[in-house]
Structures are given as C-alpha cells and as structure tokens.
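A.B. asks: Structure incoming, see below.
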Amino acid sequence: MPPPVLHPLPGIGPEDVVVAADGAVYTGLADGRILRVRDDLVEVVAETGGRPLGIEVDDAGALVVCDAARGLLRVRPGDGTIEDLVPAGTPVDGMPLRVCNNAAIAADGTIWFSDSTARFDLAHWKADLIEHSGTGRLLRRDPDGTVTTALTGLHFANGVALAADESFVAVAETGAYRLTRLWLTGPQRGDRDVLVDNLPGFPDNIARGSDGLIWIAMGSPRNRTLDLLASRPPVLRRLLWALPDALLPQPADTVWVQAVDAAGRTVHDLQTATPGFSMVTGVREEAGTVWLGSLHAKAIAHVRLP
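One point on numbering: in full-length UniProt numbering, the residue at position 100 of the sequence shown is 100, and numbering is uninterrupted.
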C-alpha cells in the first residue's frame with residue numbers, strides 16, 4: 001500500500017468512513033460525535049450519545065448509522081437531528097438487538113445490518129471472538145419499518161455489503177475469517193453460501209466501492225492462539241477471556257485492506273505500516289481513492305490506488 005495520508009481528528013476511534021455525493025467524508029468517534037471531513041475542515045454534524053460504528057449515506061443525503069449503544073439510526077447532517085430506526089434492545093424474532101455494527105442500503109431503501117453477538121456488549125468484543133459463540137445475525141429493515149432476521153449463527157457479524165447488481169448481500173464473520181453470502185435474486189435466491197473463506201486476517205467493515213468490488217477492512221492478521229482455541233472446549237475458551245485485557249491476544253500494528261470481486265477473487269491486497277495509524281476497521285473506495293477508518297486512531301486516512 002502507498003503511504004496513507006492522515007487527516008487528524010478531534011477525538012479517537014473513527015471506526016468507519018463513508019463518502020457523500022459532494023465528496024465530504026463522514027465518520028463517527030468513540031464519544032458519539034459524527035464528523036464531516038472536507039479538505040482540511042472538520043465539523044461536528046451530530047452527537048448520538050452512544051458509540052457510532054458503521055455509517056452509510058442514503059439517497060436523500062441522510063446518514064444511516066449503526067450505533068452499538070443506541071441501535072440503527074438516521075442522522076441528518078444538515079441540522080443534526082437523529083431518528084431511531086431500530087433502537088437497541090428491540091426484539092427481532094424474539095431476540096433483542098444488542099450490537100448494531102454495520103449496514104448496506106439497497107436501491108429500494110431496504111437496510112441490511114448486522115447484530116454482532118447476543119452474548120456480549122461492544123466493550124467485550126474480544127470475548128466473543130475467543131468464546132466463538134456464533135450468535136451474530138444479519139437483519140433486514142424494509143422501507144415500511146418491518147425488521148426481520150435474514151441470517152443467524154454468524155461468528156461476530158460485522159461488515160455488510162451488497163453486490164453491484166444487488167443479487168446478493170455479504171456479511172463479514174470476524175470470528176470465522178470469512179464473508180458469508182445470502183442470495184437475493186436468481187435461482188439461488190434465499191440460499192446461503194460463502195463468498196470468501198479462510199481470510200488471512202480478521203475482516204471488519206466491508207463496503208462496495210465505486211469500482212463494484214467489495215472492499216474488506218482487515219483489522220489484524222490472524223492470531224495463532226485464537227486459531228488453536230477455535231476447536232477447544234468452550235470452558236477453556238472462557239478461561240482465556242476471563243484474563244486481564246493486557247494478557248489477551250492483541251491486534252497487530254498494521255494497515256491492511258483487500259478487495260474482492262463478485263466471485264470472491266482477490267483483486268487488491270494492500271498492506272503497510274504507518275506511525276500513528278493502525279487496525280483498519282473501515283474502508284471505502286471512491287473514484288480510485290481508498291478511505292480508511294480505525295478503531296483506535298485519532299485520524300482517518302486515504303490512499304490512491306496504485
């Protein structure tokens with residue numbers, strides 16, 4: 001990857017990024033602020049009071065925000081108003097929405113979004129990876145407000161992206177190192193299969209780029225300890241996640257994204273190391289520029305595709 005250009009922010013944790021039609025980049029910080037970044041100007045457009053993660057722009061220019069504390073939100077950057085689309089704790093098929101993580105918006109306004117785990121809150125996301133609970137879901141919100149479950153049994157459901165022709169929706173399973181696909185059209189409609197398997201790192205947010213590819217933020221390379229634990233009895237895994245955080249497996253210091261086509265073939269695999277920026281959790285390609293978010297950094301970044 002070419003050296004990323006950093007855009008400093010007045011806070012920590014721009015977990016995801018999205019590019020609006022006018023070229024402005026939006027992101028959310030750990031303290032709940034939603035920012036608009038345009039050239040060297042950084043503005044606060046709203047405050048959710050929660051923890052914004054995935055962020056999208058709808059056809060009307062409003063932001064659809066996955067907030068781990070508040071649920072699925074619609075944020076209007078013009079005046080900062082916030083509408084609760086699916087509040088956290090809302091029962092969906094009998095199970096409450098716990099960690100709303102990432103979303104993709106279809107042409108008809110349908111919102112596909114992930115609920116990462118039924119076992120833990122966001123602060124204990126590592127515990128879910130270690131326990132390997134497989135309680136994540138892919139949910140669907142229709143334009144009339146109806147919310148249903150599309151997929152269950154996902155290992156920390158994370159990024160969500162639609163194919164360019166909306167023939168399928170893909171969801172990243174961070175704990176299983178794969179992108180799972182649900183077919184929406186054609187003879188396979190309703191079928192579930194794997195778009196990409198055995199990824200070399202932990203997939204986080206994913207997004208369809210202007211190039212039609214599905215871009216994958218790789219938070220960190222795979223961890224040998226977690227790989228070995230995946231097949232061990234649950235009691236052993238629980239003993240590990242009960243340890244202090246400093247003793248748990250930690251993300252590597254890297255900047256890493258991949259992009260795959262609709263058949264799951266790798267088109268781009270870009271990696272580097274940059275002081276002050278690591279653990280890429282959000283990625284968005286727009287007209288040859290790749291924007292990057294990070295769970296821990298005080299900046300977003302961009303690179304031009306080589």
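The beta-carbon is built from N, C-alpha and C at its ideal position, and this holds for glycine as well.
On the premise that Pro203 lies in contact with Ala157, defined as a C-beta separation below 8 angstroms, what is that separation, rounded to the nearest angstrom?
C.D. replies: One-based indexing of the sequence shown puts residue 157 at position 157. One-based indexing of the sequence shown puts residue 203 at position 203. Not a contact, Cβ separation roughly 11 angstroms.
A.B. asks: What does the Cβ neighbour count give for Asn198, buried or exposed, with the cut at 16 atoms within 10 Å?
C.D. replies: As a working mapping, residue 198 is identified with position 198 in the sequence shown. With fewer than 16 other Cβ atoms within 10 Å, it is exposed.
A.B. asks: Going by the C-beta, is Gln271 closer than 7 angstroms to any heavy atom of the ligand FMN?
C.D. replies: Absent from the structure shown: the ligand FMN. Ligands present: none.
A.B. asks: If contacts are defined as beta-carbon pairs under 8 angstroms, then Ala21 and Glu56 qualify, I think. What distance do you get, rounded to the angstrom?
C.D. replies: One-based indexing of the sequence shown puts residue 21 at position 21. One-based indexing of the sequence shown puts residue 56 at position 56. Ala21 to Glu56, Cβ: 13 angstroms. No contact.
A.B. asks: Skipping 5 residues on each side, what residues in its chain have a beta carbon closer than 8 angstroms to that of Ala273?
C.D. replies: By one-based count along the sequence shown, residue 273 stands at place 273. Closer than 8 angstroms at Cβ, skipping near neighbours: Asp253, Thr254, Val255.
A.B. asks: With Arg119 as the anchor, note down where its beta strand (DSSP E) starts and where it stops.
C.D. replies: The residue labelled residue 119 in the question sits at position 119 within the sequence shown. No beta strand (DSSP E) holds Arg119; DSSP gives it neither H nor E.
A.B. asks: Tell me, please, which residues DSSP counts as bridged to Gly293.
C.D. replies: Numbered from its first residue, the sequence shown carries residue 293 at position 293. Paired residues: Gly282.
A.B. asks: Do you know how far the Cα of Ser133 is from the Cα of Leu247?
C.D. replies: Sequence index remark: in the sequence shown, residue 247 carries index 247 (1-based). Sequence index remark: in the sequence shown, residue 133 carries index 133 (1-based). Confidence at Leu247 is low in this model, with a pLDDT of 46, below 50, so the placement of that residue should be treated as unreliable; the coordinate-derived value is given next. Distance between the alpha carbons of Leu247 and Ser133: 21 angstroms.
A.B. asks: Looking at Val160 and Gly264, is the spacing between their C-beta atoms short of 8 angstroms?
C.D. replies: The residue labelled residue 264 in the question sits at position 264 within the sequence shown. The residue labelled residue 160 in the question sits at position 160 within the sequence shown. It is not a contact, given that the beta carbons lie outside the stated cut-off.
A.B. asks: Using C-beta distances below 6 angstroms, list every residue in its chain close to Glu47, excluding the 5 sequence neighbours before and after it, in chain order.
C.D. replies: On the sequence shown, position 47 is the one that residue 47 refers to. Excluding sequence neighbours, Glu47 sits near Gly32, Arg33.
A.B. asks: In whole angstroms, what separates the C-alpha of Asp108 from that of Thr185?
C.D. replies: Residue 108 sits at position 108 when you count from the first residue of the sequence shown. Residue 185 sits at position 185 when you count from the first residue of the sequence shown. About 14 angstroms.
A.B. asks: Counting only the same chain and skipping the five closest in sequence on each side, list residues whose C-beta sits under 7 angstroms from that of Asp269.
C.D. replies: Reading the sequence shown from its first residue, position 269 is the one you call residue 269. If we look at Asp269 and ignore the five residues flanking it on each side, its Cβ neighbours are Gln258.
A.B. asks: In angstroms with no decimal places, state the Cα-to-Cα distance between Ile82 and Gly11.
C.D. replies: Position 82 of the sequence shown, counted from the start, is the residue given in the question as residue 82. Position 11 of the sequence shown, counted from the start, is the residue given in the question as residue 11. Taking the straight line joining both Cα atoms gives about 21 angstroms.
A.B. asks: Identify, in the order they occur along the chain, each residue of the same chain with its Cβ nearer than 8 angstroms to the Cβ of Asp121, setting aside the five sequence neighbours on each side.
C.D. replies: Numbered from 1 along the sequence shown, position 121 holds the residue referred to as residue 121. Around Asp121: Ala68, Arg98, Val99.
A.B. asks: Use the C-beta contact count for Pro187: other C-beta atoms within 10 angstroms, 16 or more gives buried, fewer gives exposed.
C.D. replies: Along the sequence shown, read from residue 1 onward, the residue named residue 187 stands at position 187. Counting Cβ neighbours within 10 Å, Pro187 comes out exposed, since fewer than 16 surround it.
A.B. asks: What ranges does the alpha helix (DSSP H) occupy inside the segment 161 to 233, keeping only unbroken runs of at least 4 residues that lie completely in it?
C.D. replies: List check, alpha helix (DSSP H) in window: 224 to 229.
A.B. asks: So, with DSSP's three-state summary, where would you put Phe277?
C.D. replies: Walking along the sequence shown from the start, residue 277 turns up at place 277. Phe277: strand per DSSP, three-state reduction.
A.B. asks: Would you tell me roughly how many angstroms separate the C-alpha atoms of His302 and Gln271, rounded to the nearest one?
C.D. replies: Here residue 302 corresponds to residue number 302 of the sequence shown, with the count starting at 1. Here residue 271 corresponds to residue number 271 of the sequence shown, with the count starting at 1. If I take the Cα positions, the gap works out to 13 angstroms.
A.B. asks: Note down the Cα distance separating Ala62 from Val44, rounded to an integer number of angstroms.
C.D. replies: The residue labelled residue 62 in the question sits at position 62 within the sequence shown. The residue labelled residue 44 in the question sits at position 44 within the sequence shown. When rounded, the distance between both Cα atoms is 15 angstroms.
A.B. asks: With DSSP run on the structure shown, which of helix, strand or coil describes Glu56?
C.D. replies: For the purposes of this step, residue 56 is taken as residue 56 along the sequence shown, with counting starting at 1. Note: Glu56 maps to strand in three-state DSSP.
A.B. asks: If I follow the unbroken beta strand (DSSP E) through Gly153, where does it start and stop?
C.D. replies: Position 153 of the sequence shown, counting from 1, holds the residue named residue 153. Segment 147 to 154, the beta strand (DSSP E) holding Gly153.
A.B. asks: Of all the options Pro4, Gly276, Gly89, which has the alpha carbon lying nearest to the alpha carbon of Ala118?
C.D. replies: The sequence position of residue 118 within the sequence shown is 118, counting from 1. Selected option, being the one with the closest Cα: Gly89.
A.B. asks: Give the straight-line distance between the Cα atoms of Val37 and Met1, rounded to the nearest whole angstrom.
C.D. replies: As a first step, residue 37 is located in the sequence shown; it is residue number 37 there, counting from the start. As a first step, residue 1 is located in the sequence shown; it is residue number 1 there, counting from the start. Distance between the alpha carbons of Val37 and Met1 is about 23 angstroms.
A.B. asks: Which same chain residues, not among the five before or five after Thr149, have their C-beta less than 7 angstroms away from its C-beta?
C.D. replies: What you label residue 149 is simply residue 149 of the sequence shown in a count that begins at 1. Cβ within range, chain order: Val92, Asp93, Arg137, Leu139.
A.B. asks: Going by alpha carbons, who is nearest to Trp112 out of Val147, Gly190, Asp84?
C.D. replies: On the sequence shown, position 112 is the one that residue 112 refers to. Per the Cα distances, Val147.
A.B. asks: Taking Gly209 as the reference, give the member of Arg222, Glu15, Arg141, Gly282 with the closest Cα.
C.D. replies: Along the sequence shown, one-based indexing puts residue 209 at 209. Cα-wise, what sits closest to Gly209 is Gly282.
A.B. asks: So what does Asp269 bridge to, in DSSP terms?
C.D. replies: Here residue 269 is taken as the residue at index 269 of the sequence shown, counted from 1. BP columns for Asp269 point to Gln258.
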